[in-house]
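Worksheet: the structure to be examined is printed underneath.
Residue numbers (the working numbering): -13 to 231.
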């Protein structure tokens, strides 16, 4: 048994407006499965598929107050493409952001609700990922996080070091999942988190038990009113275990 990363869950005060921004930023289609929920996926995409990690934007009234521990890195194909993408995103409402990155070849930005993301300089490793190069998680111990997520999912572990680790779908498509060592401690509930799902023939209860055995913990969310499970990884980052699909 195993799960795979199927989407990113992002909270927003205005899910429709933020959905329009990210739909245009990624060139993806926009839909809504319910009031207060905006769904983004590539046009013509059949969910779920490892060629893309989709984005669900969920309405919540609380404003963003601290730096997110999960963010997106966007891929570019040339220096000119990077400059064009940064300019286009600024026209859409993004702003330049300073998270202490210093002099780096990538551009750190924030979407209209302040969620940080990066527009990377062209890198060969991301040339076939699609618009999202990587989903990046800040952490204290990339090696420990890689052990947990490598066991939690059927993705392939590509690189592990003291300061970073990366995984990608076993099919070698779509974005990477990366863990980057940062000095910041987690503060409060993550406004952006990972959603994983078992395969259609999976058993949700058995998968939840397996994830707990790997080191996942309870978040105190009452499961009686929802059809998914909210857990936390070994560093306390919330994630959702969705129904098999």
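Using N, Cα and C, we set each Cβ at its ideal position, and we do this for glycine too.
Only a predicted model underlies this, so the values are computations on that prediction, with no experimental measurement involved.
Cβ shell of residue i (< 6 angstroms), same chain only, five flanking positions each side left out
| i | result |
| --- | --- |
| residue 184 | -11, 193 and 230 |
| residue 187 | none |
Cβ neighbour criterion (16 or more within 10 Å) applied to residue i
| i | result |
| --- | --- |
| residue 113 | exposed |
| residue 105 | buried |
| residue 179 | buried |
| residue 43 | buried |
| residue 152 | buried |
| residue 33 | exposed |
| residue 157 | exposed |
| residue 236 | The requested residue 236 is not part of the displayed model; the chain covers only -13 to 231. |
Rounded separation between residue i and residue j - CA only
| i | j | result |
| --- | --- | --- |
| residue 29 | residue 160 | 15 angstroms |
| residue 171 | residue 124 | 9 angstroms |
| residue 174 | residue 205 | 12 angstroms |
| residue 181 | residue 89 | 33 angstroms |
| residue 39 | residue 58 | 11 angstroms |
| residue 149 | residue 110 | 21 angstroms |
| residue 197 | residue 138 | 6 angstroms |
| residue -8 | residue 115 | 15 angstroms |
| residue 208 | residue 200 | 22 angstroms |
| residue 279 | residue 103 | Here the chain covers residues -13 to 231 and nothing more, so residue 279 does not appear. |
| residue 70 | residue 227 | 37 angstroms |
| residue 24 | residue 5 | 6 angstroms |
| residue 225 | residue 47 | 20 angstroms |
| residue 235 | residue 95 | Lying before the first or after the last residue shown, residue 235 is absent from the chain, which here runs from -13 to 231. |
| residue 68 | residue 87 | 17 angstroms |
| residue 216 | residue 195 | 13 angstroms |
| residue 61 | residue 82 | 17 angstroms |
| residue 222 | residue 202 | 8 angstroms |
| residue 17 | residue 169 | 37 angstroms |
| residue 252 | residue 19 | There is no way to answer for residue 252, as the model of the chain reaches only from -13 to 231. |
Cβ neighbours of residue i in the same chain (closer than 7 angstroms, five flanking residues each side left out)
| i | result |
| --- | --- |
| residue 100 | 50 |
| residue 41 | -7, -6, -4, 8 and 26 |
| residue 213 | 229 |
| residue 31 | 38 |
8 angstroms contact criterion, which residue i and residue j should meet: CB distance rounded
| i | j | result |
| --- | --- | --- |
| residue 72 | residue 93 | 5 angstroms |
| residue 146 | residue 129 | 6 angstroms |
| residue 312 | residue 13 | Lying before the first or after the last residue shown, residue 312 is absent from the chain, which here runs from -13 to 231. |
| residue 36 | residue 155 | 4 angstroms |
| residue 97 | residue 119 | With 8 angstroms as the limit, residue 97 and residue 119 do not qualify as a contact, their Cβ atoms being about 16 angstroms apart. |
| residue 56 | residue 176 | 6 angstroms |
| residue 64 | residue 108 | 5 angstroms |
| residue -2 | residue 66 | Contact flag wrong, Cβ pair sits at about 31 angstroms. |
| residue 233 | residue 143 | Outside the displayed span of the chain (-13 to 231) sits residue 233, for which this structure offers no information. |
| residue 75 | residue 3 | Not confirmed; about 15 angstroms, so no contact. |
N- and C-terminal bounds of the alpha helix (DSSP H) containing residue i
| i | result |
| --- | --- |
| residue 12 | 1 to 12 |
| residue 137 | 128 to 138 |
| residue 71 | 65 to 78 |
Neighbourhood of residue i by C-beta distance below 8 angstroms, restricted to the same chain and skipping five residues each side
| i | result |
| --- | --- |
| residue 135 | 141, 153, 163, 165 and 219 |
| residue 0 | 45 and 99 |
Residue i, enclosing beta strand (DSSP E) - first and last residue
| i | result |
| --- | --- |
| residue -4 | -11 to -2 |
| residue 165 | 162 to 167 |
| residue 94 | 93 to 96 |
| residue 181 | 178 to 184 |
| residue 193 | Counting along the chain, residue 193 falls outside any beta strand (DSSP E), though it belongs to the alpha helix (DSSP H) covering 190 to 200. |
| residue 223 | It is not in any beta strand (DSSP E) - residue 223 carries neither H nor E in the DSSP assignment. |
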